[in-house]
Amino acid sequence: MAQKYSDEIRAVARQLYLKRWTPQEIKEELKLPSVRIVYYWAEKFSWRDMLSEEGVEAALSRRIQLLTDRDKKTDLELRELDQLVGHHVKIMAQRAKREEKLQQLQNGNVTTNTGVTLTDEGNKQERKGRKKKNDISHLTADSFKEWVSVLFGYQLTLRENLHQKIRNLLKARQLGATWYFAGEALEDAVLNGKPQVFLSASKRQAEVFRSYIVQIAQKFLGVELTGNPIRLSNGAELSFLGTNSNTAQSNSANVYIDEFFWIPKFRKLNDVASAMATHDQWRITYFSTPSSKAHEAYPFWTGDEWRRGRAERKDVAFPTEAELRDGGRLCPDKHWRFIVTIEDAVKAGFNLAKVNDLRDRYSGPAFDMLFMCVFVDDKDAVFAFDQLMKCGTDPALWQDFKSDEARPFGNREVWGGYDPSRTTDNATFVIIAVPLYAVEKFRVLKKWTWTGLSFKFQAEQIKKIKEQYNLTYIGIDVTGIGAGVFDIVSAFAPREAVPIHYSVESKNRLVLKMIDVVGGNRIEWDREDKDIAASFMAIKRTTTSSGNAMTFVATRSIETGHADSFWAIAHAMVNEPLNTEHKRKSRWIL
């Protein structure tokens with residue numbers, strides 16, 4: 000151990016160790032000369048004790064997630080993954096048996112190995128008056144009437160089609176679909192005792208289902224539900240899983256798949272999910288906002304996957320978009336499809352948002368994708384959808400970022416990027432964490448949007464952000480209102496504020512920088528912030544007015560839209576030179 004290593008290298012090794020990376024993997028990742036160094040650190044700094052404090056099931060889950068997310072797995076890693084999944088399934092089965100035995104104990108009806116039934120009168124008296132966990136035995140169909148009374152028209156349409164084996168919903172964002180399906184699943188579990196499984200683009204999003212179910216049960220039914228999964232007193236279980244939950248295939252249940260157009264490797268997940276609903280008694284529900292036509296789920300939605308390889312199906316027509324928006328239709332592939340745009344929702348009673356305000360805020364392509372159920376065509380897009388999906392992550396993994404503290408990122412360096420508003424669109428400001436060591440990526444820690452406010456107000460907000468973060472660079476587009484913001488910001492941040500003057504050359508530089516960073520998989524952001532992916536996909540390639548060179552555009556007028564999140568991120572990232580030690584994977588040439 001003669002060679003000394005920095006605290007940063009050791010901190011990275013510790014983080015990877017606690018994420019269940021093997022010493023060999025850590026050695027290769029950090030380019031250490033020997034695995035003995037990792038074992039030495041683990042022993043000296045008690046890393047093993049930290050691991051032992053973690054439950055076996057949690058440890059298995061973390062290792063399974065790590066291997067599942069890893070591209071180009073080796074044969075050894077594939078065998079390890081199979082063994083871990085098998086072991087995890089056994090543990091879950093054992094836990095289910097223990098919980099069942101505990102439930103029998105609580106009910107006072109346990110049969111021992113000798114066949115003797117324990118019904119001790121004294122134990123019954125002790126249990127008398129004790130409330131049964133997740134007790135829903137008193138609930139009836141009438142108990143759900145109040146909940147049904149607050150549903151909007153399009154939610155009632157979904158409810159009227161509960162008999163459909165497969166429901167496929169394309170929807171605008173923030174319409175309450177997840178909330179509705181949470182109540183629907185709870186009602187079925189309570190009244191019919193059927194298990195329910197919820198899959199989502201991330202484990203965090205799947206937990207939203209659980210939160211809604213707990214809220215609905217408390218508000219409308221007067222019942223407090225606990226546990227994860229939630230096991231009701233009638234035996235029905237509600238499970239909440241992320242897309243990397245390989246053990247899900249052992250379940251049989253009604254299945255709900257949320258935001259399936261944003262799930263990587265959709266075909267693989269769908270094979271597992273649809274298998275859970277194989278029997279006639281189970282149904283499966285897909286629902287999502289649209290993403291890209293290049294996504295694996297797009298032919299699944301259009302019916303092209305059903306037609307593939309079957310000549311007799313080639314010319315089979317599916318319902319038109321107008322028909323799917325008019326109450327939904329049962330399609331030739333036995334999917335009941337339904338489209339609900341923001342305009343459709345408003346007509347059906349939705350009153351939680353104003354369409355015109357949303358058009359002002361998300362004009363053009365972003366509005367069409369997020370609220371009018373229009374898929375983005377990757378044909379002219381600079382950034383491929385699958386590239387952008389790799390940039391999405393769960394911010395809960397950022398253990399060094401505490402958003403609710405006075406100094407959320409301590410004294411770590413961050414860069415800022417400001418994109419001013421034009422006409423009625425948003426002004427956007429982002430902060431990006433700068434990597435300290437090779438294994439780190441740039442991270443979009445936080446994003447702010449300001450609409451219809453004076454440049455003085457926006458400059459004041461940037462000043463407040465600077466007081467919270469160690470901002471060493473602030474890239475500001477000085478076009479229009481941006482000039483006023485820059486004048487004020489440069490007064491309190493003279494060394495950090497840098498003006499960005501737009502021209503063909505500067506715009507190309509910004510886009511090329513982001514092609515380099517995204518193509519090299521060197522940046523990440525919250526995968527739930529779909530506005531970021533939408534703004535990146537709005538960047539198109541075109542030619543200059545002379546027609547002699549290629550350039551990039553994101554039309555930013557009220558008529559054709561904008562990509563404010565992209566430009567704000569680019570304004571921060573351009574602080575890194577184009578020529579870095581990272582080899583750019585881009586094939587773009589100007």
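Just so you know, numbering that gives the first Met the number 0 puts the end of the sequence shown at 589, numbered straight through with nothing missing.
Built from N, CA and C at the ideal position, the CB exists for glycine as well.
All values derive from a computational prediction rather than experimental measurement.
Measure how close the beta-carbons of residue i and residue j come, nearest whole angstrom, since I'm counting them as under 8 Å.
i    : j    : result
F382 : M536 : 6 Å
G327 : Y417 : Not a contact, Cβ separation roughly 44 Å.
F197 : S238 : 7 Å
F265 : A296 : 5 Å
W46  : Y16  : 5 Å
L590 : A140 : With the chain represented from 0 up to 589, any question about residue 590 goes unanswered, as that position is not in the structure.
W590 : V433 : Since the first and last residues shown for the chain are 0 and 589, residue 590 lies out of range.
I212 : A181 : 5 Å
N233 : I165 : 26 Å between Cβ atoms; not a contact.
V517 : C390 : 6 Å
F349 : L174 : 6 Å
Across which residues does DSSP place residue i in a beta bridge pair?
i    : result
N520 : In the DSSP output, where bridge partners are listed per residue, N520 has none listed.
Q195 : L237, N253
K445 : I430
R336 : N167, R328
L470 : V413
R590 : One cannot answer for residue 590 here, as it falls past the ends of the chain, which runs 0 to 589.
S291 : V375
D525 : T392
V438 : The partner list for V438 (beta bridge, DSSP) is empty, contrary to what the question assumes.
I283 : I165, V254
V497 : G474
D418 : T427
Compare the C-beta of residue i with all C-beta atoms of chain C and state if any pair is closer than 7 Å.
i    : result
Y468 : The structure shown contains no chain C; it is built from a single protein chain.
Report buried or exposed for residue i, applying the criterion of at least 16 other Cβ atoms within 10 angstroms of its Cβ.
i    : result
R282 : buried
E311 : exposed
F366 : buried
H137 : exposed
T427 : buried
Q280 : exposed
R19  : buried
V11  : buried
D530 : buried
R309 : exposed
S287 : buried
A437 : exposed
N355 : exposed
P576 : exposed
V254 : buried
N425 : buried
R307 : exposed
A316 : exposed
L75  : exposed
E523 : buried
Y39  : exposed
E120 : Since pLDDT at E120 reaches only 48, below the 50 mark, its modelled position is unreliable, and no value is offered.
S534 : buried
S291 : buried
D270 : exposed
V510 : buried
Q195 : buried
V37  : buried
Quiz item: Okay, do the segment 155 to 173 and the segment 332 to 341 touch, 3+ Cβ pairs below 8 Å being the bar?
Solution: yes
Quiz prompt | Meets three-Cβ-pair contact criterion under 8 Å: the segment 292 to 309 and the segment 324 to 335 | solution = yes
Exercise. Determine contact between the segment 254 to 268 and the segment 198 to 212, defined as no fewer than three beta-carbon pairs at a distance below 8 Å.
Key: yes
Exercise. Give, in chain order, every unbroken run of the alpha helix (DSSP H) that is at least 4 residues long and sits entirely within the segment 332 to 408.
Key: As far as the segment 332 to 408 is concerned, its whole alpha helix (DSSP H) runs of at least 4 residues are 341 to 346, 354 to 360, 364 to 370, 384 to 390.
Self-check item: Three or more C-beta pairs below 8 Å linking the segment 143 to 160 and the segment 343 to 350
Solution: yes
Practice problem: Answer yes if the segment 480 to 488 comes into contact with the segment 448 to 460, meaning at least three C-beta pairs across the two stretches below 8 Å, and no otherwise. | Solution: For the pair of segments examined, the segment 448 to 460 was found to touch the segment 480 to 488: the number of CB pairs separated by less than 8 Å reaches three.
Exercise. May I ask you to verify whether the segment 209 to 218 touches the segment 182 to 189, counting CB pairs closer than 8 Å and requiring at least 3?
Key: yes
Self-check item: Whole runs of the alpha helix (DSSP H) within the segment 12 to 44, excluding any shorter than 4 residues
Solution: 22 to 29, 35 to 43
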